[in-house]
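Student:
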Amino acid sequence: MLASLAAWALFAPLAEPGRWALAQAVFCLVIGRMLSLRGVRLIALVLFAPALLLAQQWSLPPWVWALAALLTFAIARNAPTQRVPLYRSSDEVSRVLSHWLPQGARLCDLGCADARMLFSLAHLRPDLVLTGVENAPLPWLAARTRWCLAGRPANVKIVFGDLRRLPLTGFDVLYAFLSPAPMPELWQRFRREADAGAWLVSNTFAVPAVPVERRLPLGGPLQTELLLWRRPHAT
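Heads up: the sequence shown at position 27 corresponds to 17 in this note's numbering, and the numbers run straight through without jumps.
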């Protein structure tokens, strides 16, 4: 019985690939909506199987696949090297931080992607001094473009660089939406390098075996809460 089911799962898509691609697209749409995915992420999830089928049927030349690989690297270069996927902070993060941050705070977004969160925060709190660091080429380019279109605001700075080599001094708040993998290393650097009184704010991902000092709920299915630690208590 199990062998029959396995054979059906493997070979049924070959018999009617179009219908299976459509079924996968519908399934991905349902799952994506359940996870509150929107925009580019939802579109990419839904269209992946149909696009793959079309690419196979069209017999695309090798350079197309090479270009696709290059674009993938340019968008998500940190996924294979640092185990950090491309995440974009939700609008709720900007709203919660805007209520919590003190007047004139200096915040650094460690991996700002397209800097959507930074500019939303700058709109809500013009008094803040904001820095975004990104080393994936296309998200950094999107962030710089957003900065230019916003009129090159003096209180927002976009930096191309590796957060592992970024000095953590000179900031009141270090914000990170990374993954579980780099959190232990980031925590050790925060303890050594951050200014006295500085806060480390992690979107959703905890530091193993380190108690959280404060939690700010977000309420989302994927981005659930902001976890906060303060420098004096990390020595």
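Think of the CB as a built atom: it goes at the ideal place given N, C-alpha and C, for glycine as much as any other residue.
Only a predicted model underlies this, so the values are computations on that prediction, with no experimental measurement involved.
For Cys138, report the span of its alpha helix (DSSP H) as first-last.
Tutor: Residues 127 to 139.
Student: How would you label Ala13, buried or exposed, when you count the other beta carbons within 10 angstroms and need 16 or more for buried?
Tutor: Counting Cβ neighbours within 10 Å, Ala13 comes out exposed, since fewer than 16 surround it.
Student: Going by DSSP, name the residue or residues bridged to Arg142.
Tutor: DSSP lists no partner for Arg142.
Student: So, does the segment 153 to 171 touch the segment 128 to 136, judging by three or more C-beta pairs under 8 Å?
Tutor: Not touching, per the Cβ criterion.
Student: Under the rule that 16 or more other beta-carbon atoms within 10 Å means buried, what is Pro129, buried or exposed?
Tutor: The residue in question, Pro129, is buried, as its Cβ has 16 or more Cβ neighbours within 10 Å.
Student: Which one or two residues does DSSP pair with Arg179 in a beta bridge?
Tutor: None; Arg179 has no bridge partner.
Student: Does the contact criterion of 3 or more C-beta pairs under 8 Å hold for the segment 164 to 172 versus the segment 187 to 198?
Tutor: Judged by Cβ distances under 8 Å, the segment 164 to 172 makes contact with the segment 187 to 198, as three or more pairs qualify.
Student: How big is the Cα-Cα spacing for Arg85 and Pro51?
Tutor: Near 46 Å, if we compare the C-alpha coordinates of Pro51 and Arg85.
Student: Could you pull out every residue in the same chain whose Cβ sits closer than 6 Å to the Cβ of Thr121, ignoring the five residues on either side in sequence?
Tutor: Cys98, Lys147, listed in sequence order.
Student: State yes or no: is the C-beta of Val123 within less than 8 Å of the C-beta of Leu153?
Tutor: Their beta carbons are under 8 Å apart, which means Val123 touches Leu153 by this criterion.
Student: Given Leu114, which residues of its chain have a CB within under 8 Å of its CB, disregarding the five upstream and five downstream residues?
Tutor: Excluding residues within five positions, the ones whose Cβ falls inside 8 Å are Ser84, Arg85, Ser88.
Student: Do you know how far the Cα of Asn145 is from the Cα of Ala112?
Tutor: Each residue's Cα considered, the two are about 8 Å apart.
Student: Are the beta-carbon atoms belonging to Asp117 and Arg78 less than 8 Å from one another?
Tutor: No, the Cβ-Cβ distance between Asp117 and Arg78 is not below 8 Å.
Student: Out of curiosity, what's the CA-to-CA distance linking Pro143 and Pro201?
Tutor: The alpha-carbon atoms of Pro143 and Pro201 are separated by roughly 37 Å.
Student: Could you name the residues that DSSP lists as bridge partners for Cys102?
Tutor: In DSSP, Cys102 forms no bridge with anything.
Student: Nearest-angstrom Cα distance between Ala56 and Leu100?
Tutor: Using only the alpha carbons, I get a separation of about 30 Å.
Student: Just grab the DSSP bridge partners of Pro170 for me.
Tutor: DSSP lists no partner for Pro170.
Student: Could you tell me the boundaries of the alpha helix (DSSP H) in which Val266 lies?
Tutor: Any answer about residue 266 is impossible in this case: the structure gives the chain only from -9 up to 225.
Student: What are the residues that DSSP puts in a beta bridge with Gly122?
Tutor: Asp99, Ile148.
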